[in-house]
Each structure stands twice: as structure tokens, then as C-alpha cells.
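Colleague: Supplied in C-alpha cells, the structure appears directly below.
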Amino acid sequence: MSWWRSLKAKRRINSLVTFWYHSGYAPRNLAAGVRVPNLIIDRSELVIGALAREKLLHPGWVQTVAPVSTSDLLRVHSARYLDRSARPEVLGRIFGLPPGEVEVDELLTAQRLAVSGTVAAAESVIGGNVKIGFNLGGGFHHAHPDLGSGFCVYNDVAVAIAKLRAEGVLGKAAIVDLDFHQGDGNVVTFAQDEEILTFSVHGSTWTHVEAKGDVGVWLPSGTEDELYLAALKRNLLPALTTHRPDLVFYVAGNDVLEGDTLGDFKLTLQGVLDRDRYVAETVLGLGIPLVITMGGGYSPAAWRCTANFARWILCDAHRAHVDRPPNLRAHFNRVFEELDPTELQRSDEDFSFTEEDFLGAVGPKRPRRLVLDYYSLQGLEFALERYGILDAIRRKGFQDVNVEGDASDPARQLLRIRASKGRAFSVVLVELVACRRWIEAPSTFSESGHVEVLGCEWLLLQNPTETFTLDRPKLPGQDHPGLGLAKEFSELLLRICARLNLEGVLNRPAHFHTAAFTSEGFHFVDPKAEGRLHALRRVLHGCALADASTLIEEGRVQLADNTPITWESLDHVRPASARLQKWFLSDEYSRQAAAETKSLFDKGIAVR
């Protein structure tokens with residue numbers, strides 16, 4: 002019924018809801034400079050992209066804006082503050098940046114654009130064009146008339162209210178602020194204004210100013226869906242029916258989601274959607290137009306809350322989409338079946354891997370080289386996009402994602418992915434060196450002495466923009482923390498095997514932790530090596546992976562006669578063919594592996 006949902010969404014655009022956005026909402030330098038883990042600058046773009054892929058929202062249906070005028074900002078903020086806010090040291094304090102890293106024009110333009118989006122959304126709904134104006138930005142609720150903080154320079158909701166009042170089209174208004182952090186800027190700005198209700202459910206109090214129209218509900222750390230929704234339902238409707246506003250602004254902050262860097266509530270994606278639905282249904286049920294702004298959100302899944310809310314508005318989707326496909330393997334299988342092989346080999350006319358191809362006029366033209374004799378570079382990039390890997394990289398705050406390849410050496414086929422964060426230089430996130438390789442078949446393979454596999458000579462998945470922590474310590478051989486996409490690349494390599502009729506993915510893990518981490522689906526071709534891995538895992542059970550690997554590297558895992566167990570880089574395969582899978586599941590393989598494990602324990606293997 003996806004066609005019906007798409008049709009319903011199309012009918013609701015510009016009749017029920019209008020979306021507002023500008024690409025300038027996302028100041029790129031923030032991602033590299035701000036000391037906030039999981040800060041995803043382009044949340045709005047991720048929302049639009051997700052809804053576009055579902056054919057619910059065409060980017061052309063989203064309204065754009067120009068920066069709000071200075072005269073409109075002056076309706077709320079003083080001229081002195083506007084001058085002061087253009088100083089690098091002031092913006093540095095607001096955004097948590099060293100003054101030398103502040104891009105003044107970029108930051109102020111981003112804020113002025115987002116303010117304009119809220120103003121435009123408010124004008125649209127108060128004029129009766131639509132019932133919901135959805136600004137995919139804004140919610141700058143920490144900005145006071147003469148002070149900015151918490152990533153907020155200008156108060157977009159206050160500016161919108163001031164402009165509508167000046168135009169004589171707004172009487173009473175309500176601000177429903179459900180960000181984790183109290184909207185102190187709104188409370189202070191309207192402290193003496195009985196016409197403005199500031200309603201908030203929050204876990205972090207930013208001001209103790211007592212406003213005439215303020216209803217604030219504080220909830221404790223660890224608040225989950227049930228407690229949160231009960232508090233909201235107990236307080237919101239009475240506040241709105243008592244105040245009777247002509248317009249409601251909703252700051253739909255997503256830092257209430259579990260795992261947020263700057264919030265400690267534990268709401269689920271479904272809980273946040275239920276919250277958003279309740280607010281919208283309550284406000285619209287009272288016949289009041291609604292303006293929605295994004296507010297905060299500092300977890301990798303925060304943008305999905307906004308996407309879920311927009312999806313519900315567009316097509317009544319009551320169930321929240323999860324952060325990752327519920328079955329990664331099923332997702333990869335589906336995409337594999339959908340991919341057209343011609344797309345994987347197509348190449349732009351002006352692209353070539355080697356210099357010789359550019360000089361074809363001076364000699365015989367060489368055939369175009371393909372990675373693994375199958376993929377064009379454009380085809381690889383297309384596959385990475387379809388499988389969702391490049392999108393997963395973007396969700397980690399990276400932009401300008403670039404896929405590189407080199408097929409000139411048959412023994413070293415190269416795939417590399419670079420990207421940048423903020424103003425930082427492009428960094429290498431992924432580097433894969435692979436080739437087609439023949440390995441000796443198990444003795445039970447009577448029909449052939451060798452099997453052809455995808456030899457993964459080198460696979461680097463790293464995030465140079467992050468640092469090691471106590472939770473993610475440095476492992477032997479690491480220069481940077483991992484990228485967090487190991488499972489996705491494991492599935493990708495299996496699909497390459499299926500495409501090329503190869504029997505498995507081969508690696509030779511250089512360290513214990515590499516084999517232990519990738520052990521799901523992988524087996525050593527030699528069952529004795531598999532038995533040694535099992536013995537090591539049992540001996541090192543309870544040790545952190547980094548500590549376990551270090552103990553082996555230092556020779557502290559020994560037999561009773563003090564002989565150290567050294568790590569050997571041997572053939573380690575994830576089977577893609579039925580016959581290879583059958584070998585690893587056979588009684589003979591299990592018997593030999595178990596015998597080696599028993600032998601090591603008989604010899605007294607232990608940490609010494």
C-alpha cells in the first residue's frame with residue numbers, strides 16, 4: 002500500500018502541512034569544532050532524504066526561505082546584542098567553539114535562515130493556508146533578548162510572535178517546549194507577558210525566573226515513555242484550554258531520546274512519536290493552528306524522531322521506524338536482488354583508472370579495467386549508496402563522501418572512502434584491499450583441490466575524528482577508533498561473493514581481537530586453528546577485548562610448561578557456498594576443532 006501512502010502524502014502537502022527548509026540551516030564547520038559527540042549537523046537533510054526515498058516528500062515540495070531581516074530581529078533582540086553576537090568570542094561561547102574556529106558569517110546566516118523558516122511557517126498557518134507549518138530547523142529556545150547560549154543566537158519563536166503581533170494578526174500564543182532542556186530564552190523573553198503561555202516538560206532547568214504564563218513540569222533522570230507521556234497528558238490539555246491561544250508553537254526537541262549525549266531521559270523512538278502525535282492531535286483538536294520546530298537532538302537516531310513525526314503527519318504512520326533495518330541480512334539480500342548488474346559496471350565516459358586510458362590516442366586503447374573484473378568505480382559507489390553504507394557514514398556527521406578505486410594491480414584491488422567533517426580535511430574512513438584468491442580446499446572436497454574466494458587482504462574501518470575512551474579503548478594495531486560499520490561491510494563482502502560466484506570471504510586476522518570480533522559466520526579453514534580460538538576465548542572469558550588481545554601479544558597466555566600461545570594469521574573464511582558451509586558444519590570439522598581445544602586445556606592453558 003506504499004502507493005496509497007504516497008498519494009495521501011501528496012494530497013496533504015500545502016493543504017494540511019507545509020515544510021520549510023534551506024540547505025544553509027546546517028553550518029558545516031560545527032561538526033568538526035563542537036565538542037559534542039554524535040552532533041549530526043544535517044539532520045534536516047536526512048529527514049528529507051528518508052521521506053523522499055519513501056515517496057512521501059519530494060524535495061521540490063519543501064518551501065525555502067531567505068535570511069530573516071535585521072528589522073525583524075530587532076523586534077526581540079537589542080541592536081547592541083546584534084552587534085555583539087557577530088563577534089567570534091561571543092559565538093564561540095554560544096556554540097562551544099574556540100574563537101579562532103568560528104565562521105561568523107556561516108553561523109549567523111544559518112541562524113537567520115532558520116529563524117526565517119519559523120516566521121514563514123507561522124505566517125502560513127495564521128493566514129489559514131495550512132493547519133501545520135513544519136520548520137525543519139529552529140527551536141532556538143535558549144536565546145534571550147540580550148544573550149545567546151546553547152547553540153541559540155536568535156530566538157526564532159519570539160521573532161515570529163513579535164512579527165505577527167506587529168502585523169495585527171496574533172493575539173494569544175502558546176509555546177509547547179518538549180526539549181530535554183528548559184527553554185529559558187522563551188521564559189525570560191515573555192516573563193511579563195500574560196498573552197504568551199510557555200509550557201515545558203523538561204529534565205534540565207535553565208532558569209528560575211517566574212513567568213506569568215509559565216507551566217513547567219520537571220521530570221527526573223532516566224524518565225521513560227510511560228512516566229513522560231503521563232505527565233504530558235496530565236498537564237497539556239488543561240493548560241491550553243485555560244489559556245486559549247490563537248497559535249501554538251511546538252519545539253519538538255529529540256534530546257529526550259535514550260542515548261542522547263546531552264540528555265538523560267530514556268524515551269524510545271515510539272515514545273517520542275507518541276509524544277509528538279499527542280501534541281499535534283491535542284492542538285488541532287482544539288482548532289488551533291500549529292507551528293513545529295526541531296529543537297535539540299544529540300544522538301545518531303535523533304533525526305529519525307523528526308522523520309517519524311513528519312511521516313505520521315503525511316500518511317498516518319503510527320509506528321516509529323527503527324534506526325536500522327530489523328534484519329540487516331534481509332535488507333542486504335533485498336537490495337542485492339534489486340540491483341541491476343548493468344548499473345554495477347556502468348562508467349562515465351570521462352572516468353578512467355589509469356593514465357594510459359587518458360593517452361589512448363597515442364597507442365592501442367586498452368580495455369577498461371574493472372574492480373575484481375566486474376565493478377566500475379561508479380558501480381561500486383552506486384552499490385554502496387543502495388546498501389545504505391554511504392548514508393550510514395553521513396549519519397555520523399560526515400559530508401563530501403568520496404569513493405575511490407584502483408584496479409590496476411590484480412593482486413591489490415583497492416576501494417577507499419574519504420569524507421570530511423566540518424572544516425576538517427578529508428580523512429580516510431574505509432580502505433579495502435581485495436583480490437580473487439585460490440585456497441586449498443578441505444580434504445573432504447573430492448571434486449576440486451582448490452576453492453576461489455574473495456581475499457580480503459586489508460580492511461580498515463576507522464573514524465579519525467573520534468578519540469579512544471574508557472568504553473572504547475585502543476586495540477593492538479589501531480590508530481583510531483572504529484567506524485562502527487563492521488557488520489555492514491561483512492554483509493557487503495558476502496554480496497560481492499554472490500555476484501562473482503566466489504565461495505567465501507577470506508581474511509587472515511593479525512590479532513586475536515580481529516578474529517574474535519569477526520567470528521560470527523567466520524571459521525578458520527584449519528579446524529585446529531578454530532580449536533585454538535575456542536580455547537583462547539574460554540581462557541580469556543570476562544576480559545575486555547583490548548585486554549585479552551594484549552595478554553596474548555605479551556605472551557601471558559601460556560601452557561603449564563610456560564610455553565606462550567602465539568597468535569598466527571591463518572586463513573579465516575566466511576562461507577558463501579553451500580559446500581564450504583557444509584564443511585564448517587560437518588561432524589569431522591567439529592571433532593578436530595574440539596580435539597585441539599581439549600588438547601590445549603590438557604596442557605594447562607591459562608593466563609599467567
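The sequence shown begins at 2 in our numbering and counts up one residue at a time. Virtual Cβ for every residue (Gly too), placed ideally from N, Cα, C. Values in this document were obtained by computation on a predicted structure and should not be read as measured data.
1) Does S7 come out as helix, strand or coil in the three-state DSSP assignment?
2) Thinking C-beta only, is V252 closer than 8 angstroms to L291?
3) Going by DSSP, what residues sit across from A420 in a beta bridge?
4) Considering only C-alpha positions, which residue in the set R88, L179, H322 is nearest to V202?
5) State the CB to CB distance for the pair G532 and T598, rounded to an integer number of angstroms; the pair is presumed to be in contact (CB under 8 angstroms).
6) Find the nearest neighbour of G217 within the set T65, L237, F426, E225, judged by alpha-carbon distance.
7) Pick out the complete alpha helix (DSSP H) segments inside the stretch 94-149, 4 residues or longer, and give them in chain order.
8) For R13 and A240, I'd like the C-alpha separation in whole angstroms.
9) Give me the Cβ distance between Q346 and L373, rounded to the nearest whole Å; I'm assuming they're in contact under 8 angstroms.
10) From the DSSP output, read off the bridge partner residues of C153.
11) Note down the Cα distance separating I225 from D256, rounded to an integer number of angstroms.
12) According to DSSP, which residues form a beta bridge with G406?
13) Quick check on this structure: which residue in T206, G129, G149 has the alpha carbon closest to the alpha carbon of L109?
14) Between T466 and V428, how many whole angstroms is the CB-CB distance? I'm expecting something under 8 angstroms.
15) Apart from the five residues on each side of it in sequence, which residues of its chain come closer than 7 angstroms, Cβ to Cβ, to E282?
16) What is the DSSP secondary structure of W304, reduced to helix, strand or coil?
17) Identify the residues that DSSP records as bridge partners of I14: which are they?
18) 8 angstroms is my cut-off, CB to CB: does G134 come that close to chain B?
19) Near D215, which residues of its chain fall below 6 angstroms by C-beta distance, leaving aside the five closest residues on each side in sequence?
20) Among P474, T567, E227, L586, which residue has its Cα nearest to the Cα of F523?
21) Closest to T19 by CA distance: which of E55, E46, G61 is it?
22) Is the beta carbon of R44 closer than 8 angstroms to that of W439?
23) From A579 to A499, what distance separates their C-alpha atoms?
24) Return helix, strand or coil for A435, following the three-state DSSP convention.
25) Whole angstroms is fine: what's the gap from A80's alpha carbon to H145's?
26) Give a single yes or no on whether A27 has its beta carbon closer than 7 angstroms to a heavy atom of the ligand GDP.
27) Assuming G505 is part of the beta strand (DSSP E), what are its boundary residues?
28) Which residues bound the beta strand (DSSP E) around W584?
29) So, are the CB atoms of G184 and H142 less than 8 angstroms apart?
30) Tell me the rounded alpha-carbon separation between L433 and N403.
31) Comparing alpha-carbon positions, which option in E90, S70, A115, S117 lies nearest E104?
32) From which residue to which residue does the beta strand (DSSP E) around E453 run?
33) Leaving out five residues before and five after V336 in sequence, what residues of the same chain have Cβ atoms less than 7 angstroms from its Cβ?
34) On the criterion of 16 or more Cβ atoms from any shown chain inside 10 Å, does S24 qualify as buried, or is it exposed?
35) Using only CA atoms, which one of W459, T243, L220 lies nearest to T515?
36) Determine the direct distance from the alpha carbon of N328 to that of H322, and round the result to whole angstroms.
Modeller: This is what the structure gives:
1) helix
2) no
3) V428
4) L179
5) 4 angstroms
6) L237
7) 105-127
8) 29 angstroms
9) Contact flag wrong, Cβ pair sits at about 11 angstroms.
10) S150
11) Note that residue 225 corresponds to Glu in the displayed sequence, not to Ile. So the alpha carbons of these two residues sit roughly 13 angstroms apart.
12) L416
13) G149
14) 7 angstroms
15) none
16) helix
17) V18
18) Structure shown: chain B not included; a single protein chain is present.
19) V188, T199
20) L586
21) G61
22) no
23) 12 angstroms
24) strand
25) 13 angstroms
26) What this structure holds is no ligand at all, so the ligand GDP is not there to describe.
27) 505-508
28) It is not in any beta strand (DSSP E) - W584 instead sits in the alpha helix (DSSP H) that spans 579-585.
29) yes
30) 14 angstroms
31) E90
32) 451-462
33) R387, Y388
34) exposed
35) W459
36) 13 angstroms
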